[in-house]
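Each remark here refers to the structure printed beneath this line.
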Amino acid sequence: MHEIKCPNCGKMFTLDEAGYADILNQVRNEAFDQELQKRLVLAEREKLAAVELAETKISAEMGEKAAHKDAEIARLKEELRAADLAKQLALREALNAVEKERDDLKRDLAAKKDEQKLLEASLKEKYETKIKDRDDAIERLKDMKARLSTKMVGETLEQHCEIEFNKIRSAAFPMAYFEKDNDAKTGSKGDYIFREADEGGTEFISIMFEMKNESDETATKKKNEDFFKELDKDRNEKGCEYAVLVSLLEPHNELYNGGIVDVSHRYPKMYVIRPQFFIPMITLLRNASHNSLQYRNELALVKAQNIDIANFEDELNKFKDAFGKNYDLASRRFQKAIDEIDKSIDHLQKTKEALLGTDRNLRLANDKAQDVTIKKLTRNNPTMAEKFEELDRGPHN
């Protein structure tokens, strides 16, 4: 129990523990609230003071920074004005340099134009001279071709091709055969035949060449296709793989002027070329055939093996046929011999039976012969008895 004195009236009164604790809590809470209010007021004052101080400090710093910025802006403006002056000066100097370069280029261009005019005049004069020389050469060639017969024109083309081939024969085609086709046994012949074989003597490329040209003055103009059939015939008769028509016919035909023309759709392995493609054509066909030589040899080996197998089968079939015939003949003769043996056996059997019967008769005859005596012979036969008696008496008399 606790005694409590009232501060107002001075009266004493007693409180239990619960009442005392309740009053104590009330006093303590009131004091805490008063103290809290004091401290909140003090904290608010301190905050306001700090805010005012911070604002003052910030205002001072901002003023200082603003002053620095104003100074920096003034400095930059001054530098910008100076840079503008320098830029204008540099621009003026660059403009002067460009204008000077422009003036120099104008002078150089004028000089180049004058030089170009002189060069054009010189080239024009030079090429006019060349054109005139070419025209003169063309006229001379036309005159020469007009004087040549058709045969001579063709022979000139043949000679050109032969000369071109002989220029590189030793270097490019040392093992090749290239000669005129002089064999006219079949009624016609080509112009040249090209053949080449490997080290083993196996021919891997052969070409029949026909050279055709005609004079510009010839009344009847021939076409390339007019010679295809005869060229194919010559190729087949001479056993050549390819046929090539070297032609100057149809000079304005863009098809033949374009280069190597394949006419295999008309005749197999046939080509039409201009003379400038004569050596390249041989080289192309020769290299292609040479590259396929290995496959040809392998194919020939396979064919030979197939032929050997076919021959073996033919020989085997022949042997089987001959053996069958001999077997049939031997079988028939064997059967005939068996029949003859059977007949002989039957005959021998009969002979055996006959001999056995003869043996029995001979045995009986022998027995009967053994049984014969003088007494039996002379019995009832006085004549024989007398003869035997005379024989018995004779030696003693």
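No gaps in the numbering here: position 64 of the sequence shown is 494 in our numbering, and each next residue is one more. Quick reminder that beta carbons are idealized off the backbone N, C-alpha and C, glycines included. If you're wondering where the values come from, they're calculated on a predicted model, not measured in any experiment.
Give the straight-line distance between the Cα atoms of residue i and residue j, rounded to the nearest whole angstrom.
{"i": "Val481", "j": "Ile488", "result": "10 angstroms"}
{"i": "Glu666", "j": "Glu588", "result": "A small correction: the amino acid at residue 666 is Asn; Glu does not occupy that position in the sequence shown. Going from the Cα of Asn666 to the Cα of Glu588 covers about 21 angstroms."}
{"i": "Arg696", "j": "Leu723", "result": "26 angstroms"}
{"i": "Gly620", "j": "Pro681", "result": "22 angstroms"}
{"i": "Ile703", "j": "Arg564", "result": "25 angstroms"}
{"i": "Leu519", "j": "Ala484", "result": "51 angstroms"}
{"i": "Asp646", "j": "Asn654", "result": "Any reading at Asp646 needs caution, since the residue's pLDDT is 49, under 50, leaving its predicted position unreliable; the model's value is listed next. Straight-line Cα distance between these residues: approximately 15 angstroms."}
{"i": "Leu778", "j": "Lys766", "result": "18 angstroms"}
{"i": "Ala541", "j": "Val674", "result": "58 angstroms"}
{"i": "Lys755", "j": "Ala784", "result": "42 angstroms"}
{"i": "Thr522", "j": "Glu531", "result": "Correcting the residue identity first, residue 522 is Arg in this sequence and not Thr. Rounded to whole angstroms, Arg522 to Glu531 spans 14 angstroms at the Cα level."}
{"i": "Asp769", "j": "Leu759", "result": "15 angstroms"}
{"i": "Lys554", "j": "Asp538", "result": "23 angstroms"}
{"i": "Asn747", "j": "Leu715", "result": "44 angstroms"}
{"i": "Glu476", "j": "Gln464", "result": "18 angstroms"}
{"i": "Asn526", "j": "Ser552", "result": "39 angstroms"}
{"i": "Ala576", "j": "Glu550", "result": "Bear in mind that a pLDDT of 48 at Ala576, under 50, signals an unreliable position, so the number given afterwards is only what the model happens to contain. Near 38 angstroms, if we compare the C-alpha coordinates of Glu550 and Ala576."}
{"i": "Ala513", "j": "Leu506", "result": "10 angstroms"}
{"i": "Leu535", "j": "Arg511", "result": "35 angstroms"}
{"i": "Leu454", "j": "Leu478", "result": "36 angstroms"}
{"i": "Leu578", "j": "Asp611", "result": "Here Leu578 scores only 44 on pLDDT, less than 50, and its place in the model should not be relied on; the value that follows carries that caveat. When rounded, the distance between both Cα atoms is 23 angstroms."}
{"i": "Met582", "j": "Leu731", "result": "Residue placement at Met582 is poorly supported in this model, since its pLDDT is 42, which falls under 50; the coordinates still yield a value, given next. Cα to Cα, Met582 sits roughly 47 angstroms from Leu731."}
{"i": "Ile503", "j": "Val471", "result": "46 angstroms"}
{"i": "His590", "j": "Asn717", "result": "23 angstroms"}
{"i": "Lys780", "j": "Arg793", "result": "20 angstroms"}
{"i": "Asn741", "j": "Leu729", "result": "18 angstroms"}
{"i": "Thr580", "j": "Thr586", "result": "Confidence at Thr580 is low in this model, with a pLDDT of 40, below 50, so its placement is unreliable and no value can be given for it."}
{"i": "Asp544", "j": "Lys556", "result": "18 angstroms"}
{"i": "Lys597", "j": "Asp566", "result": "29 angstroms"}
{"i": "Arg763", "j": "Glu745", "result": "26 angstroms"}
{"i": "Pro812", "j": "Asn791", "result": "31 angstroms"}
{"i": "Thr444", "j": "Leu466", "result": "31 angstroms"}
{"i": "Val528", "j": "Ala516", "result": "18 angstroms"}
{"i": "Glu820", "j": "Ser774", "result": "56 angstroms"}
{"i": "Asp383", "j": "Asp452", "result": "Because the chain in this structure spans residues 431 to 827, residue 383 falls outside the shown range and cannot be described."}
{"i": "Ile593", "j": "Arg599", "result": "10 angstroms"}
{"i": "Leu786", "j": "Ala752", "result": "48 angstroms"}
{"i": "His498", "j": "Ala524", "result": "37 angstroms"}
{"i": "Tyr725", "j": "Ala601", "result": "26 angstroms"}
{"i": "Ala448", "j": "Cys439", "result": "23 angstroms"}
{"i": "Glu508", "j": "Asp500", "result": "12 angstroms"}
{"i": "Lys468", "j": "Thr486", "result": "27 angstroms"}
How about residue i and residue j: are their beta carbons less than 8 angstroms apart?
{"i": "Phe707", "j": "Gly688", "result": "no"}
{"i": "Asn721", "j": "Thr632", "result": "no"}
{"i": "Pro705", "j": "Val676", "result": "yes"}
{"i": "Leu679", "j": "Glu644", "result": "yes"}
{"i": "Asp692", "j": "Tyr686", "result": "no"}
{"i": "Leu642", "j": "Phe657", "result": "The question names Leu, but residue 642 is Lys in the sequence shown. Going by C-beta atoms, Lys642 is nearer than 8 angstroms to Phe657."}
{"i": "Ser719", "j": "Phe595", "result": "no"}
Let me check understanding here. Comparing Cα to Cα, which of the options lies closest to residue i?
{"i": "Phe603", "options": "Ile712, Asp544, Lys441, Ala730", "result": "Ile712"}
{"i": "Ser694", "options": "Lys477, Glu816, Leu661, Glu684", "result": "Leu661"}
{"i": "Pro698", "options": "Lys663, Lys499, Ala752, Cys439", "result": "Lys663"}
I want to see whether chain B comes within less than 8 angstroms of residue i, judged by CB atoms only; does it?
{"i": "Ser719", "result": "In the structure shown, chain B does not exist; there is a single protein chain."}
| field | Three or more C-beta pairs below 8 angstroms linking the region 598-609 and the region 618-625 | value | yes
| 3 or more residues per run - each beta strand (DSSP E) lying fully within the region 545-624 | 606-610
| Sufficient close CB pairs (3 or more, under 8 angstroms) joining the region 670-679 to the region 635-644 | Taking a contact to require three or more Cβ pairs closer than 8 angstroms, the region 670-679 and the region 635-644 qualify as touching.
| query | Should the region 544-564 be called in touch with the region 612-621, which here means at least 3 C-beta pairs below 8 angstroms? | reply | They do not touch, by the three-pair rule.
| Secondary structure, beta strand (DSSP E): runs of 3+ residues fully inside the region 669-723 | 672-677, 700-703
| field | Residue ranges of each beta strand (DSSP E) within the region 477-530, 3 or longer | value | The qualifying runs do not exist here; there are none.
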